[in-house]
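Chemist: In the order they appear, the protein sequences are chains A, B and C. Take the first sequence: its position 148, counting from 1, is numbered 148 in the working numbering, and each next residue is one higher. Here the working numbering runs 242 ahead of the position in the second sequence, where the first position is 1. Here the working numbering runs 536 ahead of the position in the third sequence, where the first position is 1. The beta-carbon is built from N, C-alpha and C at its ideal position, and this holds for glycine as well. Given the structure is predicted, the values throughout are model-derived calculations rather than measurements. Sending over a structure as C-alpha cells; questions will come in a sec.
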Amino acid sequence: MTILNNFLFIALPYIALIVFLIGTIYRYKSKKFKYSSLSSEFLEGRKLFWGSVPFHYGIVFLFFGHLTAFLFPREVLLWNSHPVRLLILEVTAFIFGITTFVGLIHLFIRRKTNPRVQMVTNKMDLIIEVLLIAEIFLGLWIAYGYRWGSSWFASVLSPYLISVFTLNPQIEPIINLPLVIQLHIATAFLIVLLIPFSRLVHFLVFPLSYLWRPYQKVIWNWNRKKVRNPRSVWSVNKSRNN
Amino acid sequence: MLYTSFKNYNEKLLTFTILLSLIFNLSEFLYPQSAGETTFKGICQACHTIGKGRLVGPDLINIQDLRTESWLIKFIRSSQSMVNSGDADAVAIFNEYNKTIMPDQNLSDAEIKDVLSYIKQQSTGAVVTEVQPIVLSTGLTLEQARDNEFTIGRKIFSGEQRLTNGGPACISCHNVLNDEVMSGGLLALDLTNAVTRLGVNGVHSIISSPPFPVMKAAYSNHLVTSDESFYLTAFLKNADFVVSLQEPAAPQQIFLYAGIIGGAVLFGVYGTIWWNRKRKSVNDSIFKRQLKSI
Amino acid sequence: MDVRSQISMVFHLDKCIGCHTCSIACKNIWTDRKGAEYMWWNNVETKPGTGYPSKWEDQTIYRGGWEKNNGSISLKGSGKFKGLANIFHNPYLPVIDDYYEPWTYKYLDLIESPELDDQPVARPVSLITGKPIDIKAGPNWDDDLSGTPDYARNDPNLENLSPAEQEAMFQLEKMAMFYLPRICNHCLNPACVASCPSGAIYKRGEDGIVLINQNVCRAWRMCVTACPYKKSYYNWHTGKSEKCILCYPRLEAGLTPACMHSCVGRIRYLGVMLYDADRIHEAASADDNHLIEKQLDIILDPFDEKVIAAAKANGIADSTLLAAQNSPIYKFVKEWGLALPLHPEFRTLPMLFYVPPLLPVMASLSDAKNGAQNDKLNPIAKRWDDNWLYDTSTEELWGTIEKARFPLQYMANLFGAGDTSKISPILKKMMAVRIHRRSVTVGDLSAEKVNSALTDTGLSPEQADAIYALTSLAKFDERFVIPPAHREQAIEMLESTADEKGSTGFGFKERPARGV
Chain A
1 MTILNNFLFI
11 ALPYIALIVF
21 LIGTIYRYKS
31 KKFKYSSLSS
41 EFLEGRKLFW
51 GSVPFHYGIV
61 FLFFGHLTAF
71 LFPREVLLWN
81 SHPVRLLILE
91 VTAFIFGITT
101 FVGLIHLFIR
111 RKTNPRVQMV
121 TNKMDLIIEV
131 LLIAEIFLGL
141 WIAYGYRWGS
151 SWFASVLSPY
161 LISVFTLNPQ
171 IEPIINLPLV
181 IQLHIATAFL
191 IVLLIPFSRL
201 VHFLVFPLSY
211 LWRPYQKVIW
221 NWNRKKVRNP
231 RSVWSVNKSR
241 NN
Chain B
243 MLYTSFKNYN
253 EKLLTFTILL
263 SLIFNLSEFL
273 YPQSAGETTF
283 KGICQACHTI
293 GKGRLVGPDL
303 INIQDLRTES
313 WLIKFIRSSQ
323 SMVNSGDADA
333 VAIFNEYNKT
343 IMPDQNLSDA
353 EIKDVLSYIK
363 QQSTGAVVTE
373 VQPIVLSTGL
383 TLEQARDNEF
393 TIGRKIFSGE
403 QRLTNGGPAC
413 ISCHNVLNDE
423 VMSGGLLALD
433 LTNAVTRLGV
443 NGVHSIISSP
453 PFPVMKAAYS
463 NHLVTSDESF
473 YLTAFLKNAD
483 FVVSLQEPAA
493 PQQIFLYAGI
503 IGGAVLFGVY
513 GTIWWNRKRK
523 SVNDSIFKRQ
533 LKSI
Chain C
537 MDVRSQISMV
547 FHLDKCIGCH
557 TCSIACKNIW
567 TDRKGAEYMW
577 WNNVETKPGT
587 GYPSKWEDQT
597 IYRGGWEKNN
607 GSISLKGSGK
617 FKGLANIFHN
627 PYLPVIDDYY
637 EPWTYKYLDL
647 IESPELDDQP
657 VARPVSLITG
667 KPIDIKAGPN
677 WDDDLSGTPD
687 YARNDPNLEN
697 LSPAEQEAMF
707 QLEKMAMFYL
717 PRICNHCLNP
727 ACVASCPSGA
737 IYKRGEDGIV
747 LINQNVCRAW
757 RMCVTACPYK
767 KSYYNWHTGK
777 SEKCILCYPR
787 LEAGLTPACM
797 HSCVGRIRYL
807 GVMLYDADRI
817 HEAASADDNH
827 LIEKQLDIIL
837 DPFDEKVIAA
847 AKANGIADST
857 LLAAQNSPIY
867 KFVKEWGLAL
877 PLHPEFRTLP
887 MLFYVPPLLP
897 VMASLSDAKN
907 GAQNDKLNPI
917 AKRWDDNWLY
927 DTSTEELWGT
937 IEKARFPLQY
947 MANLFGAGDT
957 SKISPILKKM
967 MAVRIHRRSV
977 TVGDLSAEKV
987 NSALTDTGLS
997 PEQADAIYAL
1007 TSLAKFDERF
1017 VIPPAHREQA
1027 IEMLESTADE
1037 KGSTGFGFKE
1047 RPARGV
C-alpha cells in the first residue's frame, strides 16, 4: 500500500507535471501545426451544441473553482463561514458538475454514433473522454457523498497540493481519505499527464489575447522602408512572417 | 541551432533540478527523524494518557507490563486486523471502549519501540482515575455550561463564528443532528452521539489535538484554542442530550434534487441564450425531399 | 496618407461563359487534399441562384461581415466578446451540408466486377466516411438552374424585388441568368482577419493578400462565420481553416494565379492599386449609399505626384508604382468607372471588382401591343400573341436598360448595395461603347445618335476605343500586370534561404537526416 500510495500521490504528480511542462512546450515549439482544438462542429453542429456548451462552460467553472480553492484557501473558508453562502457555493458547483457530466456523456455518445465524427476520432480522443467522464463522475460522487467539499478541499487538499508544488509532498492526510477522493486526485494527475499527447492542449492556447489586439492585422515580411534603403545592412534575421 | 540547443540544455537542467529535490524530499519523508516523545505527543496523546486516566482509549501507564512488545507493535500497526482475527485481548479492549476504532499507524518498528520506551520512562507515580476537569479560561466548568455556551459552541461548529486560528468549521466534514444546525459534511463521522461514544474528555482531547490524519492536516497549522474546545465540547454534549427531545430533519436528498433541477434550468438558460443559433442545414428541406437508396 | 499597394482584380461578367475551368485549375493545384475536397476557393455560380454555400449572401443565417452602429462598425456574428463567448459552439457556423458531402466513385468496380447479368456500376462513396452515399448536392448544383424553385427563387438578392418583377424573372421564355465567378476578395477591411481569435489570419503588407498562418490557426472557426462571402473554409481533417491564397507563390514568381491564367473567356484582370490605409475605417463606416464612392475614393491616382512621393516614402518600389500606373484594374474601376465591388454593404471593402453583365439586360421587354412592334418582326415569323416582346435593337438607346427583362434592382442588390443608380450608368457606358464600335465597324448608325450616346455617358470616342480594346482585344500582358516581388532585396518572400539551406521536401521542412 505504501508503495502504491507513494506512487499515486508523490511520483505520479511529479511525473505528470514534468511531462506536462516539457511535453506541451516541446510540442508548441516543434509541432505547432498540431496545436488545434480540432473542432468537429463543421461535420456535426446540431448535437454538438447540447454537449459542447454545457461541458465547456461547466468545466471552466469547475476548473477555476478548484484553482481558487487551491490558491486562496483562506478566502474560500471565509466565504463558507456562513452556512447560506456555503450552500450557494456547493449547489452552484454541483449544478455545473451535473451539466458538465451530462454534456460530456452527450459528446461521447455523439462521437461514438455519428459516422462523420467517427472519422475525425482517434484513440486518444476516446481515452481522454472516458477519463474525463470518470473524473467528473467521481467529483459528483464526492460532492454528494462527502459533502461540503469546498471547505475540506481548502483545508486538506490545498495544503497537499501546495506541499507538492513546494517539493515537500505531505501525503499523510491524502492516504487516509476515502478511496473515491483518492481516485479523483489520481485521475486528475493522469489527465494532466496526458495533456501533451492529446487534443487537450487547446485550452493552453485559449485566445485571450484577442481581447486586446487590434482587429486588423497586417504583416510586412520585412521592414518595407529599410529593405529598400541601399545603405541598410543585409540582415540574417528571418522574415517576420515565418 | 544555437538557440535550439540552449533551449534543450535549459530543459534538461530544469528536469534534473526537480528530480534532485524530489529525491531529497522523499528520503526526508520516508525516514523522519523523530524520538518517541514527539511521536507520542503528535499521534497518541489525543486518545491516551500516561497515568492520567482514560480518554478515548485506555491509560497507557505501565503498558509494557500488561502486553508483550510484539503484541503492541501489531496492535498499533493495525488494531482492526487483530480484532478481526479474533485475538481475545484485542476484542476485549475494542468492546470495552465502545467499539471505537483505533486508527492504523504507519510507523516503523523502531519508532514504535521509541514510543514504548518513552511510555515506560513516563510510567512513574500512581495511577489517577479521575482526569483533569474541562474548564473555560474564566473558570467555568463543563457542568456549569448553559445555553449561552451551547450557542457559542453551535456557532463555532457551523462556522458562523470563525475559529480564531483560521481552521475550517466543523460542519465541513461532520454532521450533527440538531434543529439549529444545517446538515453537516459527510467526509468524517457523525458527531451526534460523540459524547456517548467517547466521553466528554475524549471529545475534548480529540478537538484539542486531533489524532486522525485528515483532521490533523486541517488543523495542524490552525490549532483550536482551549476555549473553543470547551465551547465545542459543551455544544456536542448538549446536542447528544437534546437529540432525543428534538425531531431534526434528517439529511435529505435536497442537495441532489437541487443539483438536478438546477442543471435542467442551466440547460434551459443555454438554450435561451443561443436561441437564434443555426439549427440545421439551409439545404435541409431539399435533402429531406430526396429519395433515399440507402 | 499611408499609401499601400494591393493586388486587385476585375472580373468582366459579360464575358464569363460559366465553364468552371477556373475552379478546376484551382482545385487541381490547391484543394485536392483530404479535408479540402469540398473547398472551392474559386467557384462559379449561376445568378439568380443560391450560390455556394447555399444562400451565402443571406447574413440573417450566417451573420457574416460588418454592421454599422453609432457611426462605427462591428462584426456581425463574431467579434471580441461575442467571438469568445461563442467559441465552444459557433452558433452561425455553416456545416458540411450547407456545402455538400464530397464524394468519389468506386471506379475499380467497373473494371474488376465479375461477369454478371447486369452492367457493373461505380457507386458513389463519401470522401468523409468512405461509405456509399446518396449524392444530395454538389459544388455547382444550381448550375444553369435559373428559374427553379429550389435555387433561383431562394436567391437572397431577390429580397426587395416586387413579386411581379420576381415572377417575370422566372417565366420560362423571359428567364435570364448570368454567371458569377467568385474568389477571395482580399478585402481592405477583412472580417476574417478581425474575427480570428488566434490572430492567425493576416493581410500581407506588400501586396494585400490575405493569408491564414496554418501554424497559428487553432480551429476556433470564427473566420468561416465572419467572411460574408464564405471564402474561408474549415478543413475538417487537419482542424485548420484555409482560404484562397491568390496563388501567391505564382505571383511572387511573376505568374498569374491559376484561375486567371486558365480563364477561357479571358474575363479576369489583375493589377496593382494604391490606396490610403489611413482612411479604411472611414470608408468602411460610410452610409450604405456612399459605400462605393468612399471605397473608390481611398483608391489613389498612381500618376499623382503627391501620391508617388508618399508611396516612395512608404517603401513602395518603383516597379510596383509602374505596375500601378499600367494597372488594368485602375482603368476599369477608377478611370472608366465600369467595375463595382460585390456586395459593398458587407463593408469589408472587397478588392475584387465586377463589370456587371450587359447581355442578360440588353434584351428588354416592351409592351408590344402597338402595331409598330409587330411590324418590326419579320413577316415570315410568327406573330406573337403575347403583349410583350424582346427588344434587342439599339435604336432606343437606353430604353432597353431601363425596361430590362432582368430587373436592374437585382444587379443593384449584387453590386450596388441596392442602389440602381450605381448600375445603370455602367450599363449605359457599355452600351455606348457598343454603339460607338458598331458605327466604326458597320457604320449603319447615324453620327448624331452615336454622339448623343457617348456624351450621355461622358465617354470620349478614344475612351470608348480603349474600353473596347481592353475588353475584347487585350493580350495576356495587358490583362495581368504583376509587379515583381523583389526577391533580390528580400532574399525570399517567406523564408531566408540561408536558414533553410540543407532542408528537404515540400510542406514541412526537415533536415535530411538519416534514420528516425
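Is VAL657 of chain C helix, strand or coil by DSSP?
Modeler: By one-based count along the third sequence, residue 657 of chain C stands at place 121. Coil at VAL657 of chain C, not helix or strand.
Chemist: Measure the alpha-carbon distance for PHE399 of chain B versus LEU429 of chain B and round it to whole angstroms.
Modeler: In the second sequence, residue 399 of chain B corresponds to position 157, counting from 1. In the second sequence, residue 429 of chain B corresponds to position 187, counting from 1. Near 15 angstroms, if we compare the C-alpha coordinates of LEU429 of chain B and PHE399 of chain B.
Chemist: What did DSSP end up calling VAL201 of chain A once you bin it into helix, strand or coil?
Modeler: Position 201 of the first sequence, counted from the first residue, corresponds to residue 201 of chain A. VAL201 of chain A falls in the helix class under three-state DSSP.
Chemist: I need the straight-line Cα distance from ILE292 of chain B to GLN364 of chain B, nearest angstrom please.
Modeler: Here residue 292 of chain B corresponds to residue number 50 of the second sequence, with the count starting at 1. Here residue 364 of chain B corresponds to residue number 122 of the second sequence, with the count starting at 1. Distance between the alpha carbons of ILE292 of chain B and GLN364 of chain B: 7 angstroms.
Chemist: From what residue to what residue does the alpha helix (DSSP H) around ILE609 of chain C run?
Modeler: Stepping through the third sequence from its first residue, residue 609 of chain C is reached at position 73. Run containing ILE609 of chain C: none in the alpha helix (DSSP H); it sits in the beta strand (DSSP E), 608-611.
Chemist: Residue range of the alpha helix (DSSP H) that GLY278 of chain B falls in?
Modeler: For the purposes of this step, residue 278 of chain B is identified with residue 36 of the second sequence, where counting begins at 1. Its alpha helix (DSSP H) spans residues 278-281.
Chemist: Just to check my reading of the structure: PRO675 of chain C and TYR636 of chain C have Cβ atoms closer than 8 angstroms, yes? What is that Cβ distance to the nearest angstrom?
Modeler: Working through the third sequence from its first residue, we reach residue 675 of chain C at position 139. Working through the third sequence from its first residue, we reach residue 636 of chain C at position 100. About 6 angstroms separates the two Cβ atoms, so the contact holds.
Chemist: Should ILE632 of chain C be labelled buried (16 or more other beta-carbon atoms within 10 Å of its own) or exposed?
Modeler: Taking the first residue of the third sequence as 1, we reach residue 632 of chain C at position 96. That one is buried.
Chemist: Got a sec: which bits of the stretch 74-85 of chain A sit with their beta carbon under 8 angstroms from any beta carbon on chain B, in order along the chain?
Modeler: Listed by position, the residues of the stretch 74-85 of chain A near chain B (Cβ gap below 8 angstroms) are ARG74, LEU77, LEU78, ASN80, SER81, HIS82, PRO83.
Chemist: Secondary structure at MET796 of chain C, three-state DSSP: helix, strand or coil?
Modeler: Residue 796 of chain C sits at position 260 when you count from the first residue of the third sequence. In this structure, MET796 of chain C counts as helix in the three-state DSSP scheme.
Chemist: Could you list which residues in chain C have their beta carbon closer than 9 angstroms to that of TYR57 of chain A, in chain order?
Modeler: Stepping through the first sequence from its first residue, residue 57 of chain A is reached at position 57. Going along chain C in sequence order, the residues near TYR57 of chain A (Cβ under 9 angstroms) are PHE624.
Chemist: Exposed or buried, which one is ARG531 of chain B when buried takes at least 16 other CB atoms within 10 Å?
Modeler: Along the second sequence, one-based indexing puts residue 531 of chain B at 289. Its Cβ having fewer than 16 others within 10 Å, ARG531 of chain B is exposed.
Chemist: Does chain B have any CB closer than 8 angstroms to the CB of LEU631 of chain C?
Modeler: Position 95 of the third sequence, counted from the first residue, corresponds to residue 631 of chain C. The question names Leu, but residue 631 of chain C is Val in the sequence shown. By this cut-off, VAL631 of chain C is an interface position.
Chemist: Can you check DSSP and say which residues form a bridge with GLU637 of chain C?
Modeler: What you label residue 637 of chain C is simply residue 101 of the third sequence in a count that begins at 1. Answer is none; GLU637 of chain C lacks a bridge partner.
Chemist: Only counting the same chain, and skipping five residues up and downstream in sequence, which positions put a Cβ closer than 6 angstroms to that of SER768 of chain C?
Modeler: Position 232 of the third sequence holds residue 768 of chain C. So the list reads CYS728, CYS759, VAL760, SER777, LYS779, once near-sequence residues are dropped.
Chemist: Using DSSP with H/G/I as helix, E/B as strand and the rest coil, what is TYR946 of chain C?
Modeler: Numbered from 1 along the third sequence, position 410 holds the residue referred to as residue 946 of chain C. If DSSP states are grouped into helix, strand and coil, TYR946 of chain C belongs with the helices.
Chemist: Identify which residue in A:ILE3, A:SER198, A:ILE88, A:LYS217 has its Cα closest to the Cα of LEU131 of chain A.
Modeler: Looking up residue 131 of chain A in the first sequence gives position 131. Considering only alpha carbons, the answer is A:SER198.
Chemist: Note the first and the last residue of the continuous alpha helix (DSSP H) segment covering ILE543 of chain C.
Modeler: Residue 543 of chain C sits at position 7 when you count from the first residue of the third sequence. No alpha helix (DSSP H) contains ILE543 of chain C, which is instead part of the beta strand (DSSP E) from 539-548.
Chemist: In chain B, which residues lie with their C-beta within 8 angstroms of the C-beta of ILE597 of chain C?
Modeler: Reading the third sequence from its first residue, position 61 is the one you call residue 597 of chain C. The answer, in chain order, is LYS520, VAL524.
Chemist: Tell me whether SER870 of chain C sits in a helix, a strand or coil according to DSSP, three-state version.
Modeler: As a first step, residue 870 of chain C is located in the third sequence; it is residue number 334 there, counting from the start. Correcting the residue identity first, residue 870 of chain C is Lys in this sequence and not Ser. Helix.
Chemist: For a minimum of 4 consecutive residues, which ranges assigned as the alpha helix (DSSP H) are wholly contained in the stretch 396-456 of chain B?
Modeler: For the stretch 396-456 of chain B, whole alpha helix (DSSP H) runs of length 4 or above, ordered along the chain, are 436-450.
Chemist: Which chain B residues are close to TYR628 of chain C, counting only those with a beta carbon under 9 angstroms from its beta carbon?
Modeler: Residue mapping note: residue 628 of chain C aligns to position 92 of the third sequence, counting from 1. Under the 9 angstroms cutoff, chain B gives ASN518, ARG519, LYS520.
Chemist: For a test of your reading of the model: does the CB of GLY607 of chain C fall under 7 angstroms from any non-hydrogen atom of the ligand COA? Yes or no.
Modeler: Absence of the ligand COA is noted for the structure shown, with no ligands found whatsoever.
Chemist: Taking C-beta pairs closer than 7 angstroms, name the residues in chain A that ALA860 of chain C reaches, listed in chain order.
Modeler: Indexing the third sequence from 1 puts residue 860 of chain C at position 324. The premise fails here: ALA860 of chain C is roughly 15 angstroms from chain A at the closest Cβ pair, so nothing lies under 7 angstroms.
Chemist: Might you give, ordered along the chain, the residues of its own chain that have their beta carbon closer than 6 angstroms to the beta carbon of GLU603 of chain C, omitting 5 neighbours on each side?
Modeler: For the purposes of this step, residue 603 of chain C is taken as the residue at position 67 of the third sequence. Closer than 6 angstroms at the Cβ level, and outside the excluded window around GLU603 of chain C, lie LYS612.
Chemist: Whose C-alpha, out of C:ILE543, C:GLY790, C:THR582, is nearest the C-alpha of ASP1013 of chain C?
Modeler: Your numbering for residue 1013 of chain C matches position 477 in the third sequence. Nearest of C:ILE543, C:GLY790, C:THR582 to ASP1013 of chain C, Cα basis: C:GLY790.
Chemist: Taking 8 angstroms as the threshold (C-beta atoms), are ARG754 of chain C and TYR35 of chain A in contact?
Modeler: Looking up residue 35 of chain A in the first sequence gives position 35. Looking up residue 754 of chain C in the third sequence gives position 218. Yes, the Cβ-Cβ distance between TYR35 of chain A and ARG754 of chain C is below 8 angstroms.
Chemist: Specify the secondary structure class of GLN707 of chain C as computed by DSSP and reduced to three states.
Modeler: Within the third sequence, numbered from 1, the residue matching residue 707 of chain C stands at position 171. If DSSP states are grouped into helix, strand and coil, GLN707 of chain C belongs with coil.
Chemist: Looking at the structure shown, is LEU994 of chain C part of a helix, part of a strand, or coil, going by DSSP?
Modeler: Start at 1 with the first residue of the third sequence, and residue 994 of chain C comes out as number 458. According to the sequence as given, residue 994 of chain C is Gly; it is not Leu. DSSP places GLY994 of chain C in coil when its eight states are reduced to three.
Chemist: With C-beta atoms as the reference, is ILE128 of chain A less than 8 angstroms away from LEU194 of chain A?
Modeler: On the first sequence, position 128 is the one that residue 128 of chain A refers to. On the first sequence, position 194 is the one that residue 194 of chain A refers to. Yes, they are a contact pair.
Chemist: With distances taken between CB atoms, is the gap from VAL1017 of chain C to PRO886 of chain C smaller than 8 angstroms?
Modeler: Taking the first residue of the third sequence as position 1, residue 1017 of chain C is located at position 481. Taking the first residue of the third sequence as position 1, residue 886 of chain C is located at position 350. No, they are not a contact pair.
Chemist: Bridge partners of PHE889 of chain C, per DSSP?
Modeler: Residue numbering aside, residue 889 of chain C sits at position 353 when the third sequence is read from its first letter. In DSSP, PHE889 of chain C forms a bridge with C:VAL546, C:PRO877.
Chemist: Please report how far the alpha carbon of PRO630 of chain C lies from the alpha carbon of LEU126 of chain A, in whole angstroms.
Modeler: Start at 1 with the first residue of the third sequence, and residue 630 of chain C comes out as number 94. Start at 1 with the first residue of the first sequence, and residue 126 of chain A comes out as number 126. Approximately 26 angstroms, taken between the alpha carbons.
Chemist: Which stretch, first to last residue, makes up the alpha helix (DSSP H) that contains SER471 of chain B?
Modeler: One-based indexing of the second sequence puts residue 471 of chain B at position 229. Segment 468-484, the alpha helix (DSSP H) holding SER471 of chain B.
Chemist: Which residues bound the beta strand (DSSP E) around ASN579 of chain C?
Modeler: Translated into the one-based positions of the third sequence, residue 579 of chain C becomes position 43. Residues 579-583.
Chemist: In this structure, how does DSSP classify ILE748 of chain C when only helix, strand and coil are distinguished?
Modeler: Numbered from 1 along the third sequence, position 212 holds the residue referred to as residue 748 of chain C. Correct three-state label for ILE748 of chain C: strand.
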